[in-house]
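Beneath this line is the structure, given in structure tokens, with notes to follow.
In this note's numbering, the protein residues as written are 2 to 917.
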């Protein structure tokens with residue numbers, strides 16, 4: 002079988018010329034398409050699906066646009082899917098400008114515009130929901146573009162991409178557009194298996210060359226310099242790093258432990274002024290903190306930075322006022338509108354998820370137009386939004402990932418710096434890393450020169466997926482479909498390698514078995530007896546050690562001040578007087594304070610006494626004894642010498658002496674470990690192989706045999722754990738659904754059909770809350786508060802603050818939801834699953850007050866919320882309320898109240914849409 006790369010090479014030879022659709026498509030652009038774009042378009046026109054893996058900014062979306070063009074030429078439909086709503090809105094506006102509003106539709110959680118158009122832009126989740134619902138909108142579909150398909154590695158949402166790829170009709174051609182990933186061939190091979198002929202096109206060439214720099218103080222250094230036509234790390238940077246290390250060590254020797262700001266560090270405002278003077282603006286500075294982004298803008302404002310001309314300021318004000326004219330004046334004052342606009346007029350802006358979506362869109366538009374010159378952004382900006390810059394600055398090489406501060410990976414560094422260099426505008430792009438104390442240029446060079454970014458599946462079956470699949474194709478066919486996932490494909494690939502190791506090990510085991518063959522008898526049996534004897538002796542030794550340590554601890558607990566003991570070994574070996582038994586210390590076991598024969602006061606621990614200890618004498622400790630006074634210590638040691646005199650205290654008890662005494666104290670009666678060991682030794686001596694003159698040679702081969710056998714059994718367990726892992730998880734999910742009555746064998750029950758309409762992380766908990774009727778007596782605002790607990794997740798998982806919740810019915814319903822969660826958690830545990838999480842009440846009060854009509858100012862202030870977070874959570878709440886209303890049983894009050902809650906929530910800043 003040929004490889005994807007070989008098939009691609011053969012394809013290029015066969016399709017050197019453009020077809021009619023590609024010819025007309027090329028006429029839409031005023032520039033020549035790159036070779037990889039042409040190759041992908043030719044593959045599409047020839048009827049293949051394509052996977053295009055290329056760097057950010059290389060123009061791979063042109064291939065997606067050709068799929069749109071091809072569908073229109075053929076009189077069929079094309080769906081263009083994206084991972085985020087903002088990207089869907091952006092692509093919708095692009096396509097409307099080219100093909101007109103009547104030919105383009107948009108379907109996201111927020112917008113439904115012209116859904117029956119031949120071109121429809123949508124989020125990937127919308128297409129997944131269509132496939133499960135068997136929507137008539139799918140009729141006539143010929144192409145699906147999956148932009149940013151590497152999103153399938155996302156552990157929260159990635160499964161949706163695989164669901165879509167697996168369940169699309171066979172006739173649909175998939176156009177997968179991905180960032181550069183190191184296993185594109187593997188991903189393409191899987192696409193070929195599940196979708197049919199798929200051409201894999203990997204292009205690692207950046208259309209705009211990228212230069213790597215480090216900003217140290219007020220100097221901009223190239224990260225690499227050429228030496229004999231070979232790049233190496235700039236020696237100047239290495240010297241700065243060494244000098245900084247020497248300075249830090251010198252400060253440490255002088256006793257200065259508090260870190261000082263390095264003279265090599267640079268302030269954010271100075272960095273922007275340096276980039277401006279070097280002609281490297283516009284720039285995006287990535288700061289992995291929302292507060293840091295906002296603070297950076299204010300620092301530049303206070304430094305008096307102004308990057309715009311008078312005419313640019315006038316244009317910015319016009320655009321800003323026009324784009325925000327729909328927002329109420331009272332809301333604008335809450336959002337700090339005037340200060341935000343002032344910063345924009347200076348060419349400065351922040352961009353992060355805490356900002357109002359309307360504000361973020363204004364920043365994106367102004368930056369794309371070249372009016373805003375410096376944007377301080379979190380890494381979310383790197384996920385698809387089209388905002389290229391001349392330069393990208395990375396402030397730090399680590400970020401908080403929700404659990405810990407983790408170093409940037411090469412893949413993340415590549416994704417961030419991919420924004421540098423605007424095609425058709427810049428001759429070259431620039432990636433700048435700001436110097437931080439302790440920074441290592443070698444580590445930076447490693448990030449800049451590594452291109453490993455493997456795509457790893459995050460797919461797993463969900464409860465909603467299970468009822469939908471069983472309802473459509475039955476349980477057995479559903480298992481087969483899920484076995485076709487990329488997750489199982491990768492697991493099987495790993496299994497192939499492990500299986501080869503198992504086969505090699507089995508061949509070696511046969512050789513070892515032959516080498517230990519004995520002419521006197523069965524040496525494998527004899528070797529097993531030796532291993533059993535060795536294991537039992539080791540177990541007995543451990544038991545004795547545990548018992549001995551326990552006796553030692555008990556003996557220390559019995560000591561009193563004035564007891565003279567012998568410390569059995571170590572640096573403190575010899576006679577010592579107990580000053581304090583140390584029974585109240587917060588340590589494991591007693592920690593006696595002693596005065597040694599060498600006049601030192603030491604705190605001992607149980608570890609200093611491997612065997613039990615007994616007093617050999619007693620002394621009276623003077624009432625005013627001070628262990629810190631040398632004279633008192635000397636007097637007490639003199640008293641000890643006088644009391645002991647020349648008495649022979651005998652040899653200290655050693656571990657082996659204590660163990661020998663313990664053995665004598667125990668009878669080797671049948672059933673005891675000692676008896677079993679004695680019996681094994683007798684049988685071993687009686688075995689025919691015991692008298693073999695080559696016994697120890699055979700034994701060495703046997704040892705190798707059993708060591709390899711243990712390793713081989715471990716490999717077999719790994720193969721078993723990875724084989725059919727997705728199908729086994731699906732069986733467990735179905736087991737939960739059977740127990741709860743959502744499935745009855747191959748049949749989906751009425752409750753199961755309701756669950757099939759709930760596309761949310763907590764799908765089963767939502768369905769159980771509906772079935773239990775805990776929301777029946779709630780008004781619309783109370784319902785919004787309760788449903789929000791199934792959507793919202795606190796940014797800080799360990800937030801100890803008690804969230805405020807509405808009183809009355811909502812409080813009772815939320816308590817009931819927690820009880821239902823606990824019951825489901827127990828059921829999942831019984832089935833070996835852990836999918837569900839506890840409801841989060843952190844947004845309940847904000848949702849309740851907004852639904853009650855309170856002002857934005859009151860809701861944000863009371864809930865300590867950022868405007869962007871508030872809008873995003875309300876929109877997710879609206880989406881789930883819509884699903885809950887549709888899934889509620891006939892005659893349920895929840896249906897009507899969900900609709901009322903939606904109307905109450907969709908107002909003000911929440912109602913704004915960037916699509917007219």
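Don't be surprised by glycine CBs; every beta carbon is placed ideally from N, CA and C.
Where does residue i land, buried or exposed, given buried means 16+ other C-beta within 10 angstroms?
{"i": "residue 260", "result": "Caution is warranted here: a pLDDT of 49 is assigned to residue 260, below 50, making its placement in the model unreliable, and no coordinate value can be reported."}
{"i": "residue 291", "result": "buried"}
{"i": "residue 173", "result": "buried"}
{"i": "residue 319", "result": "exposed"}
{"i": "residue 884", "result": "buried"}
{"i": "residue 30", "result": "exposed"}
{"i": "residue 912", "result": "exposed"}
{"i": "residue 425", "result": "exposed"}
{"i": "residue 130", "result": "buried"}
{"i": "residue 32", "result": "exposed"}
{"i": "residue 665", "result": "Caution applies to residue 665, whose pLDDT of 43 falls short of 50 and renders its modelled position unreliable; the model cannot decide the point."}
{"i": "residue 682", "result": "exposed"}
{"i": "residue 692", "result": "exposed"}
{"i": "residue 871", "result": "buried"}
{"i": "residue 256", "result": "Its pLDDT being 49, under 50, residue 256 is placed unreliably by the model, and the measurement read from it follows with that caveat. The residue in question, residue 256, is exposed, as its Cβ has fewer than 16 Cβ neighbours within 10 Å."}
{"i": "residue 396", "result": "buried"}
{"i": "residue 258", "result": "Low confidence applies here, because residue 258 scores a pLDDT of 47, under 50, leaving its location unreliable and the question unanswered by this model."}
{"i": "residue 758", "result": "buried"}
{"i": "residue 202", "result": "buried"}
{"i": "residue 661", "result": "Confidence at residue 661 is low in this model, with a pLDDT of 48, below 50, so its placement is unreliable and the value that follows should be read with caution. With fewer than 16 Cβ atoms within 10 Å of its Cβ, residue 661 is classed as exposed."}
{"i": "residue 219", "result": "exposed"}
Compute the distance between the beta-carbons of residue i and residue j, then report whether it is under 7 Å.
{"i": "residue 204", "j": "residue 360", "result": "no"}
{"i": "residue 807", "j": "residue 786", "result": "yes"}
{"i": "residue 178", "j": "residue 61", "result": "yes"}
{"i": "residue 189", "j": "residue 459", "result": "no"}
{"i": "residue 199", "j": "residue 50", "result": "yes"}
{"i": "residue 583", "j": "residue 620", "result": "no"}
{"i": "residue 727", "j": "residue 479", "result": "no"}
{"i": "residue 234", "j": "residue 217", "result": "no"}
{"i": "residue 182", "j": "residue 44", "result": "no"}
{"i": "residue 792", "j": "residue 857", "result": "no"}
{"i": "residue 428", "j": "residue 394", "result": "no"}
{"i": "residue 745", "j": "residue 772", "result": "no"}
{"i": "residue 699", "j": "residue 517", "result": "yes"}
{"i": "residue 737", "j": "residue 832", "result": "yes"}
{"i": "residue 335", "j": "residue 352", "result": "no"}
{"i": "residue 345", "j": "residue 321", "result": "yes"}
{"i": "residue 894", "j": "residue 813", "result": "no"}
{"i": "residue 559", "j": "residue 566", "result": "no"}
{"i": "residue 483", "j": "residue 731", "result": "yes"}
{"i": "residue 227", "j": "residue 214", "result": "no"}
Which partner residues of residue i appear in the DSSP bridge assignment?
{"i": "residue 566", "result": "577"}
{"i": "residue 212", "result": "431"}
{"i": "residue 106", "result": "121"}
{"i": "residue 750", "result": "Its beta-bridge partners do not exist; DSSP assigns none."}
{"i": "residue 603", "result": "595"}
{"i": "residue 223", "result": "214"}
{"i": "residue 400", "result": "407"}
Using CA coordinates, which residue listed in the options is at the minimum distance from residue i?
{"i": "residue 312", "options": "631, 373, 413, 878", "result": "373"}
{"i": "residue 456", "options": "108, 149, 708, 825", "result": "149"}
{"i": "residue 569", "options": "287, 615, 543, 546", "result": "615"}
{"i": "residue 414", "options": "468, 440, 437, 445", "result": "445"}
{"i": "residue 637", "options": "601, 647, 608, 617", "result": "601"}
{"i": "residue 378", "options": "355, 168, 282, 246", "result": "355"}
{"i": "residue 239", "options": "642, 443, 861", "result": "443"}
Am I right that residue i and residue j are in contact with their C-beta atoms under 8 Å? What's the rounded C-beta distance?
{"i": "residue 867", "j": "residue 781", "result": "Residue 867 to residue 781, Cβ: 25 Å. No contact."}
{"i": "residue 756", "j": "residue 743", "result": "5 Å"}
{"i": "residue 300", "j": "residue 269", "result": "5 Å"}
{"i": "residue 783", "j": "residue 811", "result": "4 Å"}
{"i": "residue 167", "j": "residue 463", "result": "Not really, about 14 Å apart at Cβ, beyond 8 Å."}
Closer than 6 Å to a non-hydrogen atom of the ligand PLP - does that hold for the CB of residue i?
{"i": "residue 226", "result": "By its list of ligands, the structure shown contains no ligand whatsoever, and the ligand PLP lies outside what it can speak to."}
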